[in-house]
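Input: a single structure, listed below in structure tokens.
Number of protein chains: 2
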Amino acid sequence: MFELVRYLKERASLVERSLAAAVPQSEGPSARLDEAMRYSLLDGGKRLRPILALASCEAVGGALDDALAFACALEMIHTYSLIHDDLPCMDDDDLRRGRPTNHKVYGEALATLAGDALLTDAFGVLARSPLARRAPALVAETVAELSEAAGSRGMVAGQVIDLLGEGRAMELGELEYLHGRKTGALFLAAVRGGARLGGASAAQMESLTVYAKALGLCFQVVDDLLDVEASTEQMGKRTGKDQAHGKNTYPGLLGLKRSREFANELSARAAGALSGFDERAEPLRALAGFVVERKL
Amino acid sequence: MFELVRYLKERASLVERSLAAAVPQSEGPSARLDEAMRYSLLDGGKRLRPILALASCEAVGGALDDALAFACALEMIHTYSLIHDDLPCMDDDDLRRGRPTNHKVYGEALATLAGDALLTDAFGVLARSPLARRAPALVAETVAELSEAAGSRGMVAGQVIDLLGEGRAMELGELEYLHGRKTGALFLAAVRGGARLGGASAAQMESLTVYAKALGLCFQVVDDLLDVEASTEQMGKRTGKDQAHGKNTYPGLLGLKRSREFANELSARAAGALSGFDERAEPLRALAGFVVERKL
């Protein structure tokens, strides 16, 4: 049996080391900016997006190193989005992964700028990766897809729809559209980007696209469930706030039982999409189970 | 004699059309985000950075089309930086280019997200440009340099130094370091990126680097001068506020007369760096004069 827990721990630690090198602490006039960036970036998150990218690269026979810079770029973009989402003008959160949010420590201005810098630097990390010399076309394509996933047609659009939709009841289709952008787009970019950099065939890209879409939505449904079911202490962030904020959620729309069933269906759909892959896709298969069973 | 005024007008209008196409107005759930992005992007700015990129591309014999996507990316990044700089937690400005700032119209949350989206989309516009298929290595290199110019070692660093330095007197060297990042880095990236995409030689890149550094600093010195000398009405943004905010400026450090002389020296240095270029560098030469003579 594949030992997922150990795998995740090892991969998270590899990603953590790479991130620390990608965003070094300088001395001098912008040391405080680096501190603010590293405070949120190097906080021992799950590193799910980078791990997915690396696993997808290896699932198609690519080398780990080919996707490592991209994996860092993904986590930098994910982290920027958390910093900005937590700002007073957005979700106004003061707790994230068990610690005070960035603006609580560094102030709003520096938190905004730390997010801006992480987002900007992410594209440089990807574009300066060793693979950019060997396969610049693959890297340029990945830059384009990452930008689309994170930008005005992807993650930011999801954030806007969420923001404007608060307090207004959504239908299931709308909620799926919202999450397809807010979290799904970056999951999809992670899997497809990792696979592309690993040399995936068109057929493999197609299967992994199905995998990633199901996995991303599953992740979000479970996120909504955990907000209802888990305690603030367990999660390291304030829970129970979706309902308080009038947010649209799967439990709110489908109920807890049906939401849990839906998450299980999505997990099975993700695993099913990998039927044509060999044992190198074992981590991706295990991740499909992990996402639905996770407690935080 | 080169007709700069007509040239700038024609080029600004070309850039404006390209920007409108690069950031289209969608219908549907994220229409409001597109509106906010386009409100600040399509407001008839000077388009100095994109014009510099296009002129540099042509100065080394490149085709206009090769740098057009890059030119748009530059202006999108410049615009995002203005939107975020104007936010209440930053400079708290309510007027920009003669109109209410983005957050005054769309609120802080949407303004933050519109900035995020412009920054993110900029890299996609560049990476999806037609040149990316023909010369992906040049495009990947330009993505890397643009990211570095705009990110934690460039523009954002400048913004942070400015923020943390308010109210504390800087020395001339510090002020130059600050502006080298805050405005200089993007000018440099514009000129070097345009030239690279136009197929510049190493020697041409070197001369254009000298040109861009002098031009960028000149632009900033004149900006400081205009903040003292011009009226709010002329500038379309609040003036006289540098002193009120305790900002470090060239007039504050060198006095008005010496600052004006310094700007003239820099303009001459920029023009001098072009001595080895033929008549295709005429627009760049004229721009070196324009930057120091501009009234807004």
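Quick mapping for you: the protein sequence lines, in order, are chains A and B.
The C-terminal position of the first sequence is numbered 1030 in our numbering, with every residue numbered one higher than the one before it.
The C-terminal position of the second sequence is numbered 1030 in our numbering, with every residue numbered one higher than the one before it.
We put the beta carbon where it would ideally sit given N, CA and C, even for glycine.
Asked: Stretch pair the stretch 865-882 of chain B + the stretch 947-961 of chain B: three plus CB contacts closer than 8 Å; Found: no
Asked: Proximity test, Cβ basis, 9 Å: Phe857 (chain A) and chain B; Found: yes
Asked: Nearest to Leu988 (chain B) (by Cα), restricted to the options B:Leu959, B:Gly795, B:Phe1011 and B:Ser1009; Found: B:Leu959
Asked: Cutoff 9 Å: Asp768 (chain B) Cβ touching any chain A Cβ; Found: yes
Asked: Within chain B, the residues that Pro834 (chain A) reaches when beta carbons sit closer than 9 Å; Found: What Pro834 (chain A) touches in chain B: nothing, since even the nearest Cβ is about 17 Å away.
Asked: 6 Å CB neighbourhood of Ala789 (chain B) in its chain, flanking five on each side removed; Found: Pro1017 and Leu1018
Asked: Pairwise C-alpha distance: Arg740 (chain A) and Val955 (chain A); Found: 25 Å
Asked: Minimum Cβ-Cβ distance from His913 (chain A) to chain B less than 9 Å; Found: no
Asked: Contact set between Pro893 (chain A) and chain B, taken where Cβ atoms lie within less than 7 Å; Found: The residue you asked about is not Pro; residue 893 (chain A) is Gln in the sequence shown. The answer, in chain order, is Leu847.
Asked: Endpoints, alpha helix (DSSP H) assigned at Asn998 (chain B); Found: Leu990 to Gly1006
Asked: Contact under 9 Å by Cβ, Pro758 (chain B) with Leu898 (chain A); Found: no
Asked: Assigned secondary structure, Leu829 (chain A) (DSSP; H/G/I helix, E/B strand, else coil); Found: strand
Asked: Distance between Asp1012 (chain B) and Gly849 (chain A) (C-alpha atoms, nearest Å); Found: 43 Å
Asked: Identity of the residues DSSP links to Pro834 (chain B) by a beta bridge; Found: B:Leu829
Asked: Met824 (chain B) in three-state terms, based on DSSP; Found: coil
Asked: Ser774 (chain B) in three-state terms, based on DSSP; Found: helix
Asked: Close beta carbons around Ala883 (chain A), own chain, < 8 Å, minus the five adjacent residues each side; Found: Met889, Ala919, Leu920, Leu922 and Ala923
Asked: Contiguous alpha helix (DSSP H) assignments of at least 4 residues, all confined to the stretch 736-815 of chain B; Found: 738-756, 765-775 and 782-793
Asked: Cβ of His812 (chain A) within 9 Å of any chain B Cβ; Found: no
Asked: Below-9 Å beta-carbon distance, Ala1007 (chain A) vs any chain B residue; Found: no
Asked: Assumed close pair Leu786 (chain A), Gly928 (chain A) - CB separation to whole angstroms, cut-off 8 Å; Found: 7 Å
Asked: Given Leu748 (chain A) as reference, the closest of A:Leu776, A:Ala765, A:Asp768 and A:Thr983 once Cα atoms are compared; Found: A:Leu776
Asked: Three-state secondary structure assigned by DSSP to Thr983 (chain B); Found: coil
Asked: Partner residues on chain B for Ser774 (chain A), Cβ-Cβ distance less than 9 Å; Found: Chain B residues near Ser774 (chain A): none, gap ~13 Å exceeds 9 Å.
Asked: Asp820 (chain A) Cβ short of 8 Å to the ligand PLP heavy atom set; Found: Ligands are entirely absent from the displayed structure, and the ligand PLP is therefore not among its contents.
Asked: Below-9 Å beta-carbon distance, Thr854 (chain B) vs any chain A residue; Found: yes
Asked: Contact set between Met824 (chain B) and chain A, taken where Cβ atoms lie within less than 9 Å; Found: Glu842, Ala843, Thr846 and Leu847
Asked: At least 3 beta-carbon pairs within less than 8 Å: the stretch 899-908 of chain A vs the stretch 900-908 of chain B; Found: no
Asked: Rounded separation between Ser993 (chain A) and Gly778 (chain B) - CA only; Found: 49 Å
Asked: CB contact check: Leu880 (chain A) to chain B, cutoff 9 Å; Found: yes
Asked: Cβ distance (whole Å) where Ser886 (chain A) is taken to contact Met771 (chain B) below 8 Å; Found: 6 Å
Asked: Residue-chain proximity (Asp850 (chain B), chain A), Cβ-Cβ < 9 Å; Found: yes
Asked: Environment of Phe996 (chain B) [buried if 16+ CB atoms lie within 10 Å]; Found: buried
Asked: C-alpha distance - Phe804 (chain B) paired with Asn998 (chain A), whole-angstrom precision; Found: 45 Å
Asked: Alpha carbon of Leu860 (chain B) to alpha carbon of Arg781 (chain B), nearest angstrom; Found: 17 Å
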